[in-house]
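What follows is a short report on a single structure.
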Amino acid sequence: MLFSKISASALAVVSSFFFDVVIAKYAITGVHTGVDATTGYRPPRREINELALDKPQFSLYIQALNAMMNVDEHNLTSYFQLSGIHGRPYIPWDDVNPATSNNGIRTGYCTHGNTLFATWHRPYLALYEQVLAGHAQTIAKTYKSAEYQTAADNLRMPFWDWAIPGSRFPTIMKSPTVQITTPNGTATVNNPLFNYKFLQRPEPTEWFPANDPIAAKPTTLRHPDANGVQHDEATDQALAEENSFLANQVWDVFAQTRDFNSMSTSGNGGPNFETPHGEIHTLVGGDGHMTQVAWSGFEPTFWLHHANVDRQVAMWQAIYPDAWLTNVRSPSGTWTILPNSIVGELTPLTPFTMGDGITMYTSITARYTKNFGYSYPDVKDWLFSDPASLKANVTTQVNQLYNPNGSFGAFRSSTKRSIRIPSNITDKTNETHAWSISVKVPNGAVDQAFSVKISMCDIHVGSLSILSVPGTVEREAGAYRVTHGQFNLGTALEGVDPDDVSAVIGHLKGKLKWEVVKLDGCVVDEVEGLEFEVADQVVKKAEDISKFPTFGERTVHPDVMA
């Protein structure tokens, strides 16, 4: 054979004279160390509070994350570059250039407000995890004990379950230093979960504009004061006030939403994971980096937060394995998707390239966590021989985690003010009414990030946070989006029979209040396009803990908010 003795590299050089050269991009495969190919076992991403108790894995994780953060910002796999995929500095990653004719839209690659929200973030997290694991492998080799190599093989990025009742901001993230075990013994090192320190100051103005106050901050900040001091106690307080409502929202998605498009995004109506996801960005960030899409990727909490959202999606997929996304029109654009494009399962999830270094991931190739070599403690799919058994197992865990005090009906006893199942429900009918309020608002309705807060007689009902920052170069990317949220009204119906429709309407009318609060704390009195709907649903209680209630169609009562 003519080329039988020619090396692969030489052949590549020769062929370049005759063919167009395809330049391979960074191949994203995920992490496959620790995977048992026979059983299907995959190491889990662990909850951060649990991981912190595992000295070998946690020590490797902290050192690996510090190593990532110390890589030169121009390096493709530096923490800076990986974080910048999500938003600023609005530059190509791995030479994946912006869409043509995008009319100057400035935004990152991330998809928000459309059905790709869930699937786009999966290879993004896998890329981060792959780089993190590479550093951990290098560090593990400096230890004498073999347990650190085993720990590295099984290390995956952690998640933070902010929806579990009683959850607070992880203690391990509040200190600027942390104690770990190094090859030389116990040591106190910089805590990379406390903040990210930008290595290049000042950043180029084309990356970080001089007229944006947050661009000049030397580190990421959570709830900063006027002096640029981080206040995690404010993060804790904000989370404490919202925790029970977050649990309710997450449970509602699992129990009520059964199609992929609605589950994935706040761009549609009904319970979805993107709405509480946005609330966490605001609760954690305050006036800091996490609250703004352009900057949130740099905040260390971002990665634990999005790993948890991916976990929620994976659990939902196990419960509804046949549900899948369908083509929809995306009003807003991204770095590579033009506004009003049709997006679906074959839309490239840019800038993420598969293992061949050529083919972009799509939602089809990013559909399953096993493709990337990880699992979650709640979804051990290899232990179940059929989808129905896995569904029952994961459903049980969802009910135990996010509905621990309920009777698996329409109302959960999530707070002291929550209403319990009315005594007039008989075993024969086993039905009741669930009441909710839905909200929709244009992302460009206010000139900065804002929240819509709903209450009744000083009882908090829910919050819808808009992370976009209209009024800047990001305006064009999000101005045409509409964000939806839906909140359970159980806490507002104390002492009222939910089955007495007239009584509920009379109880709610004139008492449900809303307030729009901007990122700077100012209240907006009038918001164009802001709409509310109060509705009820007939709900048939579930037979047991391995099932969800059956929710009927929503009946809207327009006179409540008239």
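Just so you know, full-length UniProt numbering puts 425 at position 425 of the sequence shown, and the rest follows in order with no gaps.
Glycine is no exception: its CB is placed at the ideal position from the N, C-alpha and C atoms.
All figures in this text were calculated on a predicted structure; none of them were measured in a lab.
First and last residue of the uninterrupted alpha helix (DSSP H) at residue i
i           : result
residue 456 : Here residue 456 belongs to no alpha helix (DSSP H); instead the beta strand (DSSP E) covers 450-456.
residue 57  : 55-69
residue 488 : Run containing residue 488: none in the alpha helix (DSSP H); it sits in the beta strand (DSSP E), 482-488.
residue 508 : 501-508
residue 389 : 387-402
residue 136 : 117-140
residue 79  : 79-84
residue 493 : First-last for residue 493: undefined, no H or E at that position.
residue 51  : 48-51
Residue i to residue j span [Cα, whole Å]
i           : j           : result
residue 63  : residue 190 : 9 Å
residue 427 : residue 538 : Bear in mind that a pLDDT of 47 at residue 427, under 50, signals an unreliable position, so the model cannot answer this.
residue 421 : residue 56  : Reliability of the predicted coordinates at residue 421 is poor, the pLDDT of 40 falling under 50, and the value obtained from them is presented with this limitation in mind. For residue 421 and residue 56, the distance between alpha carbons rounds to 47 Å.
residue 232 : residue 543 : 42 Å
residue 371 : residue 194 : 31 Å
residue 205 : residue 462 : 38 Å
residue 17  : residue 209 : A caution first: residue 17 carries a pLDDT of 42, below 50, which makes its placement in the model too unreliable to give a value.
residue 473 : residue 90  : Interpretation of residue 473 is limited by its pLDDT of 47, a score under 50 that renders its predicted location unreliable; no figure is taken from the coordinates.
residue 294 : residue 377 : 31 Å
residue 494 : residue 93  : 52 Å
residue 337 : residue 145 : 48 Å
residue 513 : residue 349 : 40 Å
residue 119 : residue 163 : 21 Å
residue 345 : residue 363 : 5 Å
residue 527 : residue 274 : 22 Å
residue 245 : residue 490 : 10 Å
residue 198 : residue 182 : 25 Å
residue 284 : residue 312 : 19 Å
residue 449 : residue 511 : 26 Å
residue 290 : residue 302 : 7 Å
residue 52  : residue 172 : 8 Å
residue 540 : residue 299 : 42 Å
residue 382 : residue 355 : 24 Å
residue 272 : residue 187 : 43 Å
residue 465 : residue 451 : 4 Å
residue 217 : residue 533 : 41 Å
residue 545 : residue 134 : 41 Å
residue 88  : residue 501 : 49 Å
residue 555 : residue 434 : 10 Å
residue 148 : residue 180 : 13 Å
In DSSP terms, what residue i is bridged to
i           : result
residue 181 : 186
residue 436 : 488, 535
residue 241 : Looking at the DSSP assignment, residue 241 forms no beta bridge with any residue, so it has no partner.
residue 441 : 483
residue 551 : 539
residue 376 : 379
residue 524 : 516
residue 353 : 27, 360
residue 573 : Summary: the structure shown does not reach residue 573, with the chain confined to residues 1 through 562, and so no result is reported for it.
residue 431 : 540
Range of the contiguous beta strand (DSSP E) that encloses residue i
i           : result
residue 514 : 512-518
residue 464 : 459-466
residue 341 : 341-343
Residue i versus the options, residue with shortest Cα-Cα distance
i           : options            : result
residue 456 : 464, 507, 444      : 507
residue 316 : 251, 374, 363, 36  : 251
residue 374 : 39, 255, 43, 23    : 43
residue 110 : 23, 45, 333, 68    : 333
residue 566 : 164, 131, 73       : Absent from the structure is residue 566, since the part of the chain shown begins at 1 and ends at 562.
residue 241 : 458, 486, 527, 443 : 458
residue 165 : 548, 441, 402      : 402
residue 437 : 445, 484, 347      : 484
residue 647 : 384, 554, 158      : Residue coverage of the chain in this structure runs from 1 to 562, which leaves residue 647 outside it and unanswerable.
residue 33  : 26, 452, 132       : 132
residue 310 : 292, 25, 264       : 264
residue 340 : 184, 328, 467      : 328
residue 212 : 356, 292, 305, 83  : 292
residue 185 : 486, 142, 230, 319 : 142
residue 139 : 323, 225, 28, 60   : 60
residue 280 : 149, 261, 308, 256 : 308
residue 323 : 239, 115, 147      : 115
residue 254 : 552, 81, 547       : 547
Quick one: complete alpha helix (DSSP H) runs, 4+ long, within the stretch 249-331? 260-264, 274-285, 301-319
Inside the stretch 153-235 only - beta strand (DSSP E) runs reaching at least 3 residues: 177-182, 185-190
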